[in-house]
Amino acid sequence: MNHEIEDERERRERRRRLMAERKRRSRRLKLIYACIRKFGPYAAGLVAAIVLVCVGVSLSGNKAGNVQAGQESGAYEETAQGGTASIEEGALMEADAAMEESQSAEEGAPMEGSSSKTAQTQEAEDTKEVYSANVTAQTAQLGADIDSSYAILIDLDTGNVLAQKQAEARINPASMTKVLTVLVAAEHVENLDDTFTITLNETDYSYVNDCSSVGFAENEVVTVRDLFYGTILPSGGDAAAGLAAYVAGSREAFVELMNEKLAQLGLSDTAHMTNCVGLYDEDHYCTVYDMAMIMEAALDNELCREVLSAHTYTTSSTPQHPEGITISNWFLRRIEDKDTGGEVICGKTGYVVQSGSCAASYGRDVNGREYVCVTADAGSSWKCIYDHVALYKEASGT
């Protein structure tokens, strides 16, 4: 058990370092674009100078590390990287400020307070850059080899898209929406043992919209933990509506939080939500790429990861349900005995007529490599499952 805990910690630390490197890479590109936009023909020289300075600092850091007796290699490498990152960050912020001043002057806008605005913009940009994936020359373009019309498979260890199919096309995410629902809720909930009273607002909403449900009764007092598991495992509309009301006071207010989260993740240009359960709406949409980023963010939240990985759960005992209600994640239970070249650990399904059978999942192969897979518009729930099986198996090379 201790070895498993240590392995999990090592995997998370490795992912943290990889995410940091991806973020630095994205900031370097942003710096280059900012210089080009601001300085035009002089940009090449400026960028070259910045790169030379950064390399110089890195080399001097390495040299200092080599000279100092007994110093560990990791220490001076970290120092050198830190120096490089600091110079890049400073140059980037100056470029951003210059760009903003230039734009303000062109638009006739007042420049007072531009520093604070730049800082706020920088903070938002930093958050947006955290979750991303890169299409490379090796990215496979999927066709009739899978049934789903839309798909993406991402290697979390490299941040590269291994395979895709219409990954940037707009879809309705159906109940995959609930991954975002629990992510937003998890960031606002402090006590999982707190209680919530189910009302007609939740039961009727689920019934009228023909949602799946946990089966909570009107006036039943359930725990917030029950709402989390009820939202994901049986895809309960009653639980999701209750979670939204508990966190934000109303479903409408909660949807605002969902869209704020999309903006923080840098997805607001291609994703927008109008409800917390995944009901079809023309203005409720995202891409499978967006959903993969949402899934990745959820994996970094311990509560979400725990809920998304549960195969079964029994709700708390109440007068209406003295033995609780036992619920299951049918996707995980159906895929667990399939040969995926590893293990599928987390999953959330969805279905609406307009998007067919959908699923977002997280898996690990026999070598410990981690993946996120999202598919949409399969002809049936089983075809959806077998698409995930095929993609994971191909990635693992088994």
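For what it's worth, full-length UniProt numbering labels the leading residue of the sequence shown as 1, then goes sequentially. Ideal placement from N, C-alpha and C gives every residue a C-beta, glycine not left out. Since the structure is predicted, the reported quantities are computational estimates derived from the model, not experimental observations.
Cβ-Cβ distance between residue i and residue j below 9 Å
| i | j | result |
| --- | --- | --- |
| residue 345 | residue 364 | yes |
| residue 186 | residue 376 | no |
| residue 170 | residue 287 | yes |
| residue 280 | residue 353 | yes |
| residue 384 | residue 147 | yes |
| residue 295 | residue 266 | no |
| residue 158 | residue 192 | no |
| residue 165 | residue 348 | no |
| residue 214 | residue 249 | no |
| residue 338 | residue 386 | yes |
| residue 268 | residue 275 | no |
| residue 198 | residue 218 | yes |
| residue 359 | residue 388 | yes |
| residue 232 | residue 310 | yes |
| residue 335 | residue 313 | no |
| residue 245 | residue 202 | yes |
| residue 356 | residue 390 | no |
| residue 138 | residue 160 | yes |
| residue 273 | residue 284 | yes |
| residue 135 | residue 211 | no |
| residue 153 | residue 196 | no |
Identified DSSP bridge partners for residue i
| i | result |
| --- | --- |
| residue 357 | 351 and 378 |
| residue 164 | 141 and 152 |
| residue 364 | 343 and 370 |
| residue 222 | 196 |
| residue 135 | 161 |
| residue 327 | 313 |
| residue 400 | Since the displayed the chain opens at 1 and closes at 398, residue 400 lies outside it and no answer follows. |
Where residue i falls, given that 16 or more other Cβ within 10 Å makes a residue buried
| i | result |
| --- | --- |
| residue 229 | buried |
| residue 256 | exposed |
| residue 380 | exposed |
| residue 319 | exposed |
| residue 188 | exposed |
| residue 207 | exposed |
| residue 367 | exposed |
| residue 162 | buried |
| residue 108 | Because the pLDDT at residue 108 is just 44, under 50, the model does not fix this residue reliably, and the point stays unresolved. |
| residue 298 | buried |
| residue 238 | buried |
| residue 398 | exposed |
| residue 200 | exposed |
| residue 143 | exposed |
| residue 323 | exposed |
| residue 361 | buried |
| residue 315 | buried |
| residue 194 | exposed |
| residue 252 | exposed |
| residue 226 | buried |
| residue 220 | buried |
Checklist entry - Does the pairing of the stretch 300 to 311 with the stretch 170 to 187 give three or more beta-carbon distances under 8 Å? => result yes
Checklist entry - Which runs of the alpha helix (DSSP H), 4 residues or longer, sit entirely within the stretch 166 to 209? => result 177 to 186 and 200 to 208
Item to check | 4-residue-minimum alpha helix (DSSP H) runs that sit fully inside the stretch 211 to 273, ordered along the chain | outcome: 224 to 232, 237 to 248 and 251 to 264
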